[in-house]
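*Asks:* Before we start, here is the structure in question, set down as structure tokens.
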Amino acid sequence: TKSGVVRPAVTATTGGTGNVPVSIAEDVTSTVLSIVAVVLPVLIGTLLVVIASFIVWRIWKRMNRDAP
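For the working numbering, add 3 to where a residue sits in the sequence shown, where the first one is 1.
And the structure:
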């Protein structure tokens, strides 16, 4: 994994003092990406339903306007 390559380099260059910030950054990144992986599909699904509803409403409105 990426951390298997980055962590030894950080340890070697900072004498181990950079491990904590790097670990926190990794944790924050993984948490944010996990939340995005759950929330984004829900938002896209909701957006698709709203767009489809709007299109159907416009078509229905146009068809009823043309009716005698």
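Note that beta-carbon positions come from the ideal geometry of N, C-alpha and C, so glycine has one too.
Bear in mind the structure is a predicted one, so any value in this text is a computation, not a measurement.
1. Taking only the alpha-carbon atoms, compute the straight-line gap between L46 and I58 and give it to the nearest angstrom.
2. Are the segment 22-33 and the segment 6-14 touching by the rule of at least three beta carbon pairs closer than 8 Å?
3. Secondary structure at G7, three-state DSSP: helix, strand or coil?
*Replies:* Walking through what the data contain:
1. 18 Å
2. yes
3. helix
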